[in-house]
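Here full-length UniProt numbering is used: position 2 in the sequence shown is 2, and no number is missing along the way.
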Amino acid sequence: MVSEAVSCTREAPPESRKRRTKRRPQRIKQVGQSERLQKELQQARHLLGESLKLRSQSAQWSVFRICTPGICEEESCTFLVHVPHDYPCSALRVEPEGRGSGAQSRVAAHFNWRCKQQCTRDAPLAAQLNYLISERQLLATPDYVARERLRKSFYALFAAPTSGCGGVDGER
């Protein structure tokens with residue numbers, strides 16, 4: 001009789017009591033995408049040399065450590081660069097290593113904002129990391145995002161086509 005009671009408790013729970021698991025859609029890895037990522041990582045390692053080192057890898061990210069010359073009064077800064085394995089489709093993410101200063105946190109936040117803006121433009125990995133290193137003083141300014149939006153709207157004025165001006169019919 002005891003064995004019957006045990007066997008009854010091991011039966012599958014009713015449909016309403018089953019534990020529901022979240023089903024995530026499986027991403028289809030595109031072969032060309034991973035090859036492109038490997039080429040861009042090799043190019044970035046070649047251009048940046050010893051300042052770019054692999055720190056860790058996971059299923060979705062490769063984390064690199066990059067040392068840049070100092071921001072403001074600091075001698076040098078170290079950032080962690082999270083490169084997603086579906087890189088051209090997803091943006092890079094940067095964070096200061098350890099407890100970064102206010103300037104380092106601003107640089108990381110502003111760089112992450114810029115990477116999200118350029119995600120659709122297919123900017124190469126080396127070009128984005130070069131921007132982080134070369135424009136670190138600009139990225140450290142508190143009004144960076146407002147400045148970039150203003151610059152973008154300014155350039156949009158010149159890129160917009162004008163109707164009725166120019167061409168053969170509009171010449172004087």
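Where is the CB? At the ideal position from N, CA and C, for every residue including glycine.
This structure is a prediction, so every number in the text was calculated from the model and none was measured.
Please tell me whether residue i and residue j are closer than 8 Å, where the distance is taken between their beta carbons.
| i | j | result |
| --- | --- | --- |
| Glu97 | Thr78 | yes |
| Ala44 | Ala159 | no |
| Ala108 | Val94 | yes |
| Gln118 | His85 | no |
| Ser51 | Ile66 | yes |
| Gln38 | Leu92 | no |
| Val81 | His110 | no |
What is the rounded straight-line gap between the Cα of residue i and the Cα of residue j?
| i | j | result |
| --- | --- | --- |
| Gln137 | Arg36 | 30 Å |
| Ser153 | Thr141 | 20 Å |
| Arg147 | Val83 | 26 Å |
| Lys29 | Gly49 | Note on Lys29: pLDDT 46, under 50, position unreliable in the model; the coordinate value appears next. Going by the C-alpha atoms only, they are around 29 Å apart. |
| Asn130 | Ser58 | 24 Å |
| Leu157 | Leu132 | 27 Å |
| Arg151 | Asp122 | 20 Å |
| Arg106 | Leu139 | 7 Å |
| Ser101 | Tyr155 | 33 Å |
| Gln42 | Glu135 | 22 Å |
| Arg149 | Arg99 | 29 Å |
Of the choices the options, whose alpha-carbon is the least far from that of residue i?
| i | options | result |
| --- | --- | --- |
| Pro124 | Cys89, Val63, Leu54 | Cys89 |
| Trp113 | Ser34, Asp143, Leu157 | Asp143 |
Excluding the 5 residues flanking residue i on each side, which residues of the same chain have their C-beta closer than 7 Å to its C-beta?
| i | result |
| --- | --- |
| Lys53 | Phe64, Arg65 |
| Cys115 | Ala91, Leu92, Gln128 |
| Leu47 | Ala126 |
Sorted by chain position, which residues of the same chain lie with C-beta nearer than 8 Å to residue i's C-beta, five sequence neighbours on each side aside?
| i | result |
| --- | --- |
| Glu40 | Tyr87, Pro124, Leu125, Ala126 |
So, at 6 Å on beta carbons, what are the nonlocal neighbours of residue i in its own chain, with the 5 sequence-adjacent residues on each side left out?
| i | result |
| --- | --- |
| Ser56 | Val63 |
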